[in-house]
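A quick write-up on the structure given underneath.
In the working numbering, the protein residues as written are 6 to 497.
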């Protein structure tokens, strides 16, 4: 009996030992396995990942209060093909009609000054501005600058929310920005989209036939969604500062396709400052034709490549612009700049390309001085230049014997031209840019014979008579095709 009990106990004990051995063999060594993360560790990882994205809530909530909806009624000119009119006058009958448009704007001063795009308010007969709080005001145009597509309007209000100007030069590629505006009209006003700075100093190009039109282009390119109606709205950085005015998109459909462009705030700030202080833009002009340093230029100049060109010209880098022409009588010409010089810096700031030159020169006013660093015959040379004004500055010399007059450039008409038109005296309109002469009816090539009933023979006669006029300027002359022309405009 005892022997049977002992046998059973030994059997149980052996079974237990066998089971333990199997369990031990099947157990994984914890030292060979990565420990599972704790709850605290998971939370910490998530928070770190979120911190990689900037908090844009402050910038969005503050900027939206200072971005407005702009509704415009404008006059559109068009030609109606009337055979009777065309038979007698040689051209179609001019017609006009009222059209509606809209865009956005940015309040920059609490007393109602608002920045928008020139193309938003061009030819406007009525402008209404709606704030983010739904209040609507009539607005007036303080001034416009087609060259940068910037306009300044004003409403009669006080204590408005504003967006402070930031330094657009400090923007970095890949930096987060917000676009604020009214895409697609009133219903979507106050829309905020986010993106990054994709590029700086972009040039979009313009109609090459517009030879008399100055274009200053150095756009900030972003991938923040911008659509029709966003024009004139704000581009702000993550601290809520205004770094640009949204202006254009590149699209084959007319809607956002991933590319949007804004005028840098440093350009906008200078333009609106001039419009507030002087009523017009006081624009400096250097008076050169320039080209970026590229392989195409190198081949045009008979070099093997751009590297070969920079080596033989003894340039330290590809930064700079090649000066292809110097305008006679212009700022650069009077300072001693020569064709073939390579402009590498203005007032100690390197200019990488033509866009950078435009932006830097645009920061000056007529009469300001600056130091140009050029490379000539392999040697660096510092040249002091005094900037002249553009064709919007009446009386400014803008070329060899050419003088600016309300957006046009004038020169003494040649004897050959006068004889051809049967005239004894006159001043020729060389080019017509934006200004009162264009609005009144001036055309390129026309000969001005009288100003305020006084005969004129040289550009200075026109300037002197207009300057002496108390209120209005009346111009009489002959167009390039021999038709008589008579028009007038107010000086104010």
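The beta-carbon is built from N, C-alpha and C at its ideal position, and this holds for glycine as well. Computed from a predicted model, the values in this text were never measured in an experiment.
When DSSP labels each residue in this structure, what does residue i get in the three-state scheme?
{"i": "residue 337", "result": "helix"}
{"i": "residue 62", "result": "helix"}
{"i": "residue 487", "result": "coil"}
{"i": "residue 468", "result": "helix"}
{"i": "residue 200", "result": "strand"}
{"i": "residue 247", "result": "strand"}
{"i": "residue 119", "result": "strand"}
{"i": "residue 448", "result": "coil"}
{"i": "residue 281", "result": "helix"}
{"i": "residue 186", "result": "strand"}
{"i": "residue 361", "result": "helix"}
{"i": "residue 477", "result": "strand"}
{"i": "residue 303", "result": "helix"}
{"i": "residue 435", "result": "strand"}
{"i": "residue 175", "result": "helix"}
{"i": "residue 167", "result": "coil"}
{"i": "residue 312", "result": "helix"}
{"i": "residue 127", "result": "coil"}
{"i": "residue 161", "result": "coil"}
{"i": "residue 368", "result": "coil"}
{"i": "residue 441", "result": "helix"}
{"i": "residue 320", "result": "coil"}
{"i": "residue 272", "result": "helix"}
{"i": "residue 354", "result": "strand"}
{"i": "residue 425", "result": "helix"}
{"i": "residue 420", "result": "helix"}
How many whole angstroms separate the CB atoms of residue i and residue j, which I take to be in contact at a CB cut-off of 8 Å?
{"i": "residue 378", "j": "residue 387", "result": "6 Å"}
{"i": "residue 71", "j": "residue 183", "result": "In fact, because the Cβ distance is near 12 Å, the residues do not count as touching under 8 Å."}
{"i": "residue 200", "j": "residue 228", "result": "4 Å"}
{"i": "residue 328", "j": "residue 342", "result": "6 Å"}
{"i": "residue 112", "j": "residue 166", "result": "6 Å"}
{"i": "residue 288", "j": "residue 367", "result": "7 Å"}
{"i": "residue 340", "j": "residue 389", "result": "6 Å"}
{"i": "residue 122", "j": "residue 236", "result": "5 Å"}
{"i": "residue 494", "j": "residue 478", "result": "6 Å"}
From the DSSP output, which residues share a beta bridge with residue i?
{"i": "residue 192", "result": "Paired residue(s): none; residue 192 is not in a bridge."}
{"i": "residue 348", "result": "326, 379"}
{"i": "residue 76", "result": "107, 133"}
{"i": "residue 207", "result": "224"}
{"i": "residue 384", "result": "381"}
{"i": "residue 150", "result": "155"}
{"i": "residue 265", "result": "227, 254"}
{"i": "residue 482", "result": "453, 490"}
{"i": "residue 499", "result": "Given a span of 6 to 497 for the chain in the structure shown, any question on residue 499 remains unanswerable."}
{"i": "residue 242", "result": "182"}
{"i": "residue 290", "result": "393"}
{"i": "residue 459", "result": "456"}
{"i": "residue 143", "result": "133"}
{"i": "residue 1", "result": "Only positions 6 to 497 of the chain appear in the structure, and residue 1 is not among them; the question remains open."}
{"i": "residue 102", "result": "81"}
{"i": "residue 113", "result": "Answer is none; residue 113 lacks a bridge partner."}
{"i": "residue 374", "result": "391"}
{"i": "residue 495", "result": "477"}
Go through its chain and collect everything with a Cβ distance to residue i's Cβ below 7 Å, but skip five positions before and after it.
{"i": "residue 360", "result": "206, 208, 222, 223"}
{"i": "residue 407", "result": "414, 415, 416, 435"}
{"i": "residue 355", "result": "324, 349"}
{"i": "residue 489", "result": "483"}
{"i": "residue 243", "result": "59, 61, 64, 181"}
Excluding sequence positions up to five away, which residues of its chain have a Cβ less than 8 Å from the Cβ of residue i?
{"i": "residue 32", "result": "At residue 32, the pLDDT of 45 sits below 50, so the modelled position is not reliable; the number obtained from the coordinates is stated separately. Same-chain partners within the cutoff: there are none."}
{"i": "residue 81", "result": "101, 102, 103, 104, 128"}
{"i": "residue 191", "result": "74, 76, 107, 135"}
{"i": "residue 232", "result": "188, 189, 254, 260, 261"}
{"i": "residue 264", "result": "203, 226, 228, 254, 255, 256"}
Go through its chain and collect everything with a Cβ distance to residue i's Cβ below 6 Å, but skip five positions before and after it.
{"i": "residue 335", "result": "292"}
{"i": "residue 364", "result": "223"}
{"i": "residue 178", "result": "202"}
{"i": "residue 134", "result": "73, 75, 142, 144, 160"}
{"i": "residue 460", "result": "430"}
{"i": "residue 5", "result": "Past the boundaries of the shown model lies residue 5; the chain is included only from 6 to 497, so the question cannot be answered."}
{"i": "residue 238", "result": "72, 109, 185, 186, 251"}
{"i": "residue 240", "result": "182, 184, 248, 249, 251, 267"}
Please confirm if residue i has its CB atom under 9 Å from at least one CB of chain B.
{"i": "residue 74", "result": "The structure shown contains no chain B; it holds only a single protein chain."}
Shorter than 8 Å, the distance from the beta carbon of residue i to the closest heavy atom of the ligand FMN, or not?
{"i": "residue 465", "result": "This structure simply doesn't include the ligand FMN, nor any ligand for that matter."}
Are three or more beta carbon pairs between the segment 100-118 and the segment 73-83 nearer than 8 Å? yes
Take every Cβ of the segment 267-283, pair it with every Cβ of the segment 247-254, and state whether three or more of those distances are shorter than 8 Å. yes
Pairing CB atoms from the segment 301-318 with CB atoms from the segment 277-288, are three or more of them under 8 Å? no
Tell me whether the segment 144-160 and the segment 315-322 touch, counting them as touching only if at least three CB pairs, one residue from each stretch, are closer than 8 Å. no
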